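Residue numbers (the UniProt record's numbering): 1 to 241. To keep things clear, I will list the structure first and then write my remarks on it.
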């Protein structure tokens, strides 16, 4: 029997997932024949189902945050849309906070190449540590949109004290701590050794903005996912504008 590539998720790692966790970290429980339960368990169940049939010829692509053109979850599109409006923008700090994500196109290229080479087993698929920061992401949004936006870098404690929810109200961002370690500080050396190459954050941002501008209507949004983003009134209150 042939080879199977399954796009899984880094959510399969048991929490708390420490910084630097590689593919050998502890996993959540999952059942290959289970119906829908929760996201992490379902993804692990998918891995087990693939392994049951294909054994070591099952490739588990454990993707993290996926960005790029055609995103229908609304994370990077929200930031681009908000920054395009201009004016003072609540930028959650610290500015040099590392982020990990993978451009959907880089994910696809790596996966297809891995299939052609017959790779099996788990691979974490996000950008390597040091690839991008929150500051580089948002500043790339300013440049791509040619906006007059004024990024107001705001201390995480101030953001959280205002009741603002990381990840949903302010997409991509997680304050320093356990969640940030789990989502934005993973070890991807196995995938890099196997050929992962990630385009610059500026390219992902610019191409996403170009795609958004090409649309004849609003950016598509998955119906099962509420659109992310911060209430303008809350943003103004925090910034005092």
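Backbone N, C-alpha and C fix where the C-beta goes; we use that ideal spot for every residue, glycine too. Predicted, not measured: the structure shown is a model, and the values here were computed from it.
For residue 233, the enclosing alpha helix (DSSP H) covers residues 232–239.
Contact check for residue 61 against residue 119 fails: the beta carbons are separated by 7 Å or more. Using a Cβ distance threshold of 7 Å, residue 99 and residue 184 count as a contacting pair.
Put simply, the backbone Cα of residue 80 is about 22 Å away from that of residue 130.
Looking at the DSSP output, residue 123 sits in a beta bridge with 61.
Counting other Cβ atoms within 10 Å of its Cβ, residue 53 stays below 16 and is therefore classed as exposed.
Closest in C-alpha terms to residue 230, from the list 47, 90, 145, 186, comes 90.
The Cβ atoms of residue 77 and residue 173 lie no closer than 7 Å to each other. Looking from the CA of residue 24, the closest CA among 212, 190, 96, 112 belongs to 190. Of the candidates 63, 33, 132, 63 places its Cα closest to the Cα of residue 105.
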